[in-house]
Every structure is written in structure tokens, then in C-alpha cells.
């Protein structure tokens with residue numbers, strides 16, 4: 002399963018948010034997710050299985066309990082993939098920052114302020130939606 006398929010589900014994202022603070026038992030995860038999403042325990046177990054199988058979560062037994070934790074490796078892979086796309090927006094963000102600074106400077110000096118919409122329009126490629 003592709004990382005974005007895994008992360009695209011709000012229940013799985015919520016489980017990962019819970020696990021970001023540290024290990025939790027499957028029972029603790031189930032209690033929170035059932036209360037917030039109104040789904041059954043078997044449905045929560047299926048989401049946990051997807052997270053384990055995709056590598057986003059690990060599980061370890063501790064007596065009769067199963068403790069889940071986040072595995073950071075898949076997140077690093079997603080981050081690397083997104084970094085590769087950064088060239089598409091980094092220049093635009095830099096231009097936007099420059100335009101905002103010019104507007105602030107103009108207001109400080111009593112000149113006409115640069116409208117934010119105009120700043121965005123000036124850096125957006127032609128044909129892109131705002």
C-alpha cells in the first residue's frame with residue numbers, strides 16, 4: 002500500500018497522532034478511536050494492521066498486552082519524496098516573502114501598501130488557480 006493511501010485515512014492519521022506521544026496499548030488506542038469515530042473494535046484492529054503492514058507502526062507484546070509505537074522510517078521516505086518536489090514551490094514562496102516584506106516596508110514608510118492578492122498574483126504562474 003502506498004504511503005499516501007495509508008495516511009489518507011483520518012482514522013489511521015488519528016492513530017498515528019496518538020502514537021506520536023509514545024507507545025500505547027491496543028485497548029487505549031481502540032477506546033479513543035471508538036469514542037471519536039464511532040467504529041467497532043474489529044475496525045480499529047484492521048486500521049492497526051494496515052499501519053503495521055505498511056511499516057508506519059510497530060507492535061510488541063508485553064504479557065497479554067500489545068504495545069504500538071510509530072516507526073519513523075516511512076515518514077522519512079514521504080519527507081524525502083516531498084523534498085524532491087520542493088523545487089516547484091520554493092521559488093514561489095521566496096518571491097511571496099519578498100513581496101510581503103515590500104508591502105510592510107511601504108506601509109512603514111507611509112507609501113502605498115502592497116495588496117497580498119497582488120503579491121500572490123505576481124508570483125503565481127499563468128493559468129494556475131489562486
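Numbering (my numbering), first residue to last: 2 to 131. C-beta atoms are modelled at their ideal positions from N, C-alpha and C, and glycine is treated no differently.
Separation of residue j from residue i, as counted between CA atoms
i	j	result
residue 36	residue 103	49 Å
residue 17	residue 39	18 Å
residue 44	residue 15	14 Å
residue 137	residue 94	An answer regarding residue 137 cannot be provided, because it is not within the stretch 2 to 131 covered by the chain.
residue 106	residue 6	44 Å
residue 28	residue 65	11 Å
residue 155	residue 81	Residue coverage of the chain in this structure runs from 2 to 131, which leaves residue 155 outside it and unanswerable.
residue 20	residue 70	6 Å
residue 30	residue 13	11 Å
Top-ranked residue by Cα proximity to residue i, from the options
i	options	result
residue 72	59, 84, 63 and 66	59
residue 61	30, 95 and 26	26
residue 9	32, 79 and 109	79
residue 22	83, 96, 108 and 68	68
Rounded Cβ spacing between residue i and residue j (contact assumed at less than 8 Å)
i	j	result
residue 85	residue 74	With a Cβ gap of about 17 Å, residue 85 and residue 74 do not count as contacting.
Residue i (DSSP reduced to helix, strand or coil)
i	result
residue 26	strand
residue 110	coil
residue 36	helix
### Task
For the segment 84-103 and the segment 49-69, state whether three or more C-beta atom pairs, one from each stretch, are separated by less than 8 Å.
no
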